[in-house]
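First residue of the sequence shown: 14, per the working numbering; consecutive thereafter.
Glycine included, each C-beta is placed from N, C-alpha and C at the ideal position.
Notes to accompany the following structure.
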Amino acid sequence: MENYIFQAPTKVYFGKDQIKNLPDILSNFGKNVLLTYGGGSIKKNGIYDRVQELLKDFNVFELPGIEPNPRIKTVEKGAEICKANNIDVILAVGGGSTIDCSKVISAATYYDGNPWDLVIDSSKITKTLPLVTILTLAATGSEMNSSAVISNTEKNEKIGTHSPLITPKVSILDPEYTYTVPAYQTAAGSIDIMSHVIENYFNSTEGTYIPDRFAESLLKTVIKYCPVALIEPTNYEARANLMWASSMALSGIIGTGKKGSWTCHSIEHVLSAFYDITHGIGLAIITPRWMRHILSEQTVNKFVEYAINVWNVDPINKDNMEIAKEGIQATEDFFNSCGIPMNLGKLGIDDSLLDKMAHCAYEQGHFDDTYVKLTEEDIAQILRDSL
Ligand code: NZQ
Ligand code: ZN
Numbered sequence: 014m015e016n017y018i019f020q021a022p023t024k025v026y027f028g029k030d031q032i033k034n035l036p037d038i039l040s041n042f043g044k045n046v047l048l049t050y051g052g053g054s055i056k057k058n059g060i061y062d063r064v065q066e067l068l069k070d071f072n073v074f075e076l077p078g079i080e081p082n083p084r085i086k087t088v089e090k091g092a093e094i095c096k097a098n099n100i101d102v103i104l105a106v107g108g109g110s111t112i113d114c115s116k117v118i119s120a121a122t123y124y125d126g127n128p129w130d131l132v133i134d135s136s137k138i139t140k141t142l143p144l145v146t147i148l149t150l151a152a153t154g155s156e157m158n159s160s161a162v163i164s165n166t167e168k169n170e171k172i173g174t175h176s177p178l179i180t181p182k183v184s185i186l187d188p189e190y191t192y193t194v195p196a197y198q199t200a201a202g203s204i205d206i207m208s209h210v211i212e213n214y215f216n217s218t219e220g221t222y223i224p225d226r227f228a229e230s231l232l233k234t235v236i237k238y239c240p241v242a243l244i245e246p247t248n249y250e251a252r253a254n255l256m257w258a259s260s261m262a263l264s265g266i267i268g269t270g271k272k273g274s275w276t277c278h279s280i281e282h283v284l285s286a287f288y289d290i291t292h293g294i295g296l297a298i299i300t301p302r303w304m305r306h307i308l309s310e311q312t313v314n315k316f317v318e319y320a321i322n323v324w325n326v327d328p329i330n331k332d333n334m335e336i337a338k339e340g341i342q343a344t345e346d347f348f349n350s351c352g353i354p355m356n357l358g359k360l361g362i363d364d365s366l367l368d369k370m371a372h373c374a375y376e377q378g379h380f381d382d383t384y385v386k387l388t389e390e391d392i393a394q395i396l397r398d399s400l
């Protein structure tokens with residue numbers, strides 16, 4: 014286990030109708046509120062009306078239309094509204110895209126240069142507006158963490174920035190607000206949660222017994238409840254467990270005490286940057302291909318642990334390689350059973366930009382520091398295997 018500092022400063026209001034606390038929560042920060050949201054799901058499912066009703070004594074300004082894979086242009090727009098209207102607090106209502114965009118808006122409000130600087134160099138984030146979130150999709154963990162991922166379509170770049178200053182002050186997590194998430198997004202979000210766990214689980218740091226057991230519990234939670242939520246979208250138990258798994262998976266609790274960088278996310282972010290695909294779908298396609306690519310005598314023991322502890326693979330009369338392969342196959346079969354298109358071709362992606370994407374991923378990621386080091390050619394091969 015490595016040394017670490019752990020702090021999870023977001024105050025979480027979890028459960029049914031916790032939104033009733035919104036006026037009290039916001040009044041700690043001021044009267045002028047920037048309400049941010051996405052393409053309109055919160056208007057269809059009634060959350061928008063409820064927020065407006067609760068905020069009748071506040072001055073509410075709005076930034077609608079935040080895109081999935083949020084754009085730096087939208088960050089600029091939000092920061093202009095904050096600067097022009099003396100905003101005291103940002104209220105983000107939505108999934109990871111709305112929350113991430115709002116995080117960078119909160120920093121860009123106090124930054125005079127181009128907000129993209131804050132994405133590529135987080136040391137430039139020195140002051141932020143307070144951020145309150147109402148989560149509507151279990152996936153990214155953005156509701157409780159210090160990261161934000163922003164796309165720059167002009168440069169074909171999608172990059173994450175990290176600063177404790179952008180961590181939400183308060184997040185309201187009402188599982189009922191995820192009842193309307195469509196099956197495709199429920200599956201994508203669930204696989205994103207699993208990927209956050211897997212990226213930390215496959216790590217070479219010795220002696221990480223606690224985070225690894227936490228990790229296995231989170232994976233089992235998603236494996237149990239994602240199929241339930243897909244069949245029965247209004248099953249509270251399933252939505253509640255997925256929602257808390259989302260927050261826990263990327264709250265730092267799984268990654269503490271471990272060193273090294275992530276692999277599949279760095280590859281997926283390039284896919285999203287070039288083709289604007291859904292993050293969790295890209296991860297579902299890449300992850301089993303990456304697993305097969307790095308399976309070797311050196312990594313097999315970790316894969317055996319994963320296969321037995323997460324997927325209940327029966328080890329009797331099998332050698333380690335067989336057990337490991339069964340665990341990888343179980344992962345792919347599960348993603349498939351959730352209705353994910355498991356090939357890039359099914360998303361309309363061919364090999365025309367493949368080498369360019371591998372190059373960009375290699376340049377932007379930290380592949381010399383991942384669980385298994387990857388070369389640019391390794392990344393290209395994983396992408397080819399994903400076609
Ligand atoms: O835009 P609206 O109309 O709200 O619709 C959204 C969007 O189309 C819809 N949706 C959300 N809640 C809903 C709903 N539809 C019906 N009912 C609801 N209750 O779902 C679609 C996807 O939303 P989005 O916010 O894009 O999804 P997600 O939460 O998966 O966020 C993805 C973004 O987060 C980044 C990803 O790269 C991607 O840009 N990530 C952020 C991380 C972080 N901040 O720590 C880490 C992750 O690894 C990830 O990279
Ligand atoms: Zn992710």
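Supposed close pair T139, Y50 - CB separation, criterion 8 Å: Separation of the CB atoms of T139 and Y50 is rounded to 27 Å, and the pair is thereby denied contact status at 8 Å.
E390 - containing beta strand (DSSP E), residue span: Unbroken run through E390 is the alpha helix (DSSP H), E389 to S399; no beta strand (DSSP E).
V235 to S260 span [Cα, whole Å]: Within the model, the alpha-carbon separation for V235 versus S260 is close to 12 Å.
Per DSSP, cross-strand counterpart(s) of A161: A161 pairs with T174.
A152: CB within 8 Å of a non-hydrogen atom of ligand 2: yes
Proximity test, T87 beta-carbon vs ligand 1 heavy atom, cut-off 8 Å: Exclusion of T87 from the 8 Å shell around ligand 1 follows from its C-beta lying no nearer than that to any non-hydrogen atom of the ligand.
Three-state secondary structure (DSSP) of A120: helix
Cβ-heavy atom distance, D113 to ligand 2, below 8 Å: D113 Cβ: outside cutoff for every heavy atom of ligand 2.
Coarse secondary structure for V73, derived from DSSP in three states: In the structure shown, the three-state DSSP call for V73 is strand.
Closer than 8 Å: N82 CB and nearest ligand 1 heavy atom: yes
Alpha-carbon spacing of P354 relative to T344, whole angstroms: Straight-line Cα distance between these residues: approximately 14 Å.
H278 CB to nearest heavy atom of ligand 2 below 8 Å: yes
Unbroken beta strand (DSSP E) run spanning K96, endpoints: DSSP places K96 in no beta strand (DSSP E) but in the uninterrupted alpha helix (DSSP H) bounded by I85 to N98.
Residue nearest to N158 in terms of C-alpha spacing, selected from K116, S164, N165 and I172: K116
Identity of the residue in P128, I294, N248 and A253 nearest K359 by Cα: The residue among P128, I294, N248 and A253 with its C-alpha nearest the C-alpha of K359 is I294.
Where the alpha helix (DSSP H) through G295 begins and ends: H292 to I307
Residue range of the beta strand (DSSP E) that includes A105: V102 to G107
Sequence-distant residues of the same chain with beta carbon closer than 8 Å to S184, five excluded per side: T23, K24, V25, Y26, V145, T146, I147, L148, E156, M157 and S260
Selected residue, minimal CA-CA separation from A196, among A393, Q31, M14 and G352: G352
The segment 224-233 in contact with the segment 309-323 per 3-pair CB rule at 8 Å: yes
Nearest-angstrom beta carbon gap, V283 and A374 [assumed within contact, 8 Å]: 4 Å
Straight-line gap, F74 to H292 (C-alpha atoms, nearest Å): 29 Å
Y61 - DSSP class collapsed to helix/strand/coil: helix
For K271 and N216, believed in contact at Cβ under 8 Å, the rounded distance: 5 Å
As assigned by DSSP and simplified to three states, the class of T193: If DSSP states are grouped into helix, strand and coil, T193 belongs with coil.
Rounded distance between the beta-carbons of N165 and I85, thought under 8 Å: The pair is a contact, with the Cβ atoms about 5 Å apart (cut-off 8 Å).
D368 versus V241: straight-line alpha-carbon distance, rounded: 39 Å
Neighbourhood of D382 by C-beta distance below 7 Å, restricted to the same chain and skipping five residues each side: Cβ contact annotation for D382 (same chain, cutoff 7 Å, sequence separation greater than five): G273 and S274, in chain order.
DSSP-derived helix/strand/coil call for T111: helix
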